[in-house]
Amino acid sequence: MEADKSAAPIPRPLSLANEVYEAIFSQLMALKIAPGARITVDNLSRELGVSQTPIREALGRLEGEGLVNKTHLIGFSAAPQISVRQFANLYELRLLLEPHAAREAVARLTDKNLAALTEAAGVMGRRAKSGDERARYSQFARQDAVFHDMIVQTAGNDLIRDTLAHQHVHFHIFRLMFHSRVTAEALEEHEAIIAAFEARDGQAAEQAMRAHIERSRDRLLPVFE
Ligand SMILES: [Zn+2]
């Protein structure tokens, strides 16, 4: 367990900004704010009991993450759900890049990398046991993004990393369906990836990553039927 580092005071405005951001992020990920729906700063301000400033800040940050759109004179809205075509394109891209990156990551793996990756996988398990379901789901989506990014970072090709990061893949796919099965199964698949990393087996890592992405695609595909 982490030692209690929270004794150091967090500047109140920063903490508030983050809390507001997390609250809106959770609502978007768990579809409480529906894809395409208008987002009214006034309403959120009232609902969350905070001024408009942190709300606008959070919406700006979410816009950068592809979850919120801002239209001139109309204001903010939740990004529309991705189309079946965009979904297929995203998974094609992932299948081309991520299994390869997993194999490369094994070749460059240090003990420090491995510890960080294992920690990223472990955090998901721990967090899954606490908090309300909506918060857990959005935390898992973010943690999944961190885990996958860490692998491509270890692989060492910045172009591959940037290409995947700019797609905000995990935020879009987790928003397709709000279901605990998504997290439980993904966690098992992550364990298989970690096992291949621990064994320093590049081929197994490549295969485990491909299997994880293909299963993730198959879990979510029914959303479009
Ligand atoms: Zn994953």
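For the sequence shown, the numbering used here assigns the number 1 to the initial residue and increments by one for each residue that follows. For every residue, glycine included, the Cβ atom is placed at its ideal position computed from N, Cα and C.
Alpha-carbon spacing of residue i relative to residue j, whole angstroms
i, j, result
"R215", "S51", "43 Å"
"Q207", "D218", "16 Å"
"P54", "Y21", "8 Å"
"M209", "A121", "14 Å"
"P35", "L114", "37 Å"
"H166", "K32", "24 Å"
"D162", "A58", "23 Å"
"R108", "Q203", "14 Å"
"S6", "V152", "Caution applies to S6, whose pLDDT of 49 falls short of 50 and renders its modelled position unreliable; the model cannot decide the point."
"V68", "V146", "20 Å"
"E98", "A37", "32 Å"
"N43", "I24", "12 Å"
"V106", "G156", "11 Å"
"R94", "F76", "29 Å"
"L159", "A101", "11 Å"
"H236", "S83", "Only positions 1 to 225 of the chain appear in the structure, and residue 236 is not among them; the question remains open."
"V41", "R142", "24 Å"
Span of the beta strand (DSSP E) around residue i
i, result
"F224", "Unbroken run through F224: none, as it is neither H nor E."
"G75", "G75 to A78"
"T53", "That residue, T53, is in no beta strand (DSSP E); its alpha helix (DSSP H) goes Q52 to G64."
Where residue i falls: helix, strand or coil (DSSP)
i, result
"I200", "According to the sequence as given, residue 200 is Arg; it is not Ile. Note: R200 maps to coil in three-state DSSP."
"N69", "strand"
"R142", "helix"
"R38", "strand"
"H168", "coil"
"A195", "helix"
"A186", "helix"
"H212", "helix"
"F174", "helix"
"A3", "Any reading at A3 needs caution, since the residue's pLDDT is 47, under 50, leaving its predicted position unreliable; the model's value is listed next. If DSSP states are grouped into helix, strand and coil, A3 belongs with coil."
"D132", "coil"
"K32", "coil"
"H179", "coil"
"L16", "helix"
Endpoints, the alpha helix (DSSP H) within which residue i is located
i, result
"L164", "D158 to A165"
Proximity test, residue i beta-carbon vs ligand 3 heavy atom, cut-off 7 Å
i, result
"T154", "The ligand content of the structure shown is limited to ligand 1, which means ligand 3 is not among them."
Uninterrupted alpha helix (DSSP H) stretches inside the segment 80 to 110 (no shorter than 4 residues): 84 to 108
Sequence-ordered residues whose beta carbon comes within less than 7 Å of a heavy atom of ligand 1: D144, F147, H148, A186, E189, H190, H212 and S216
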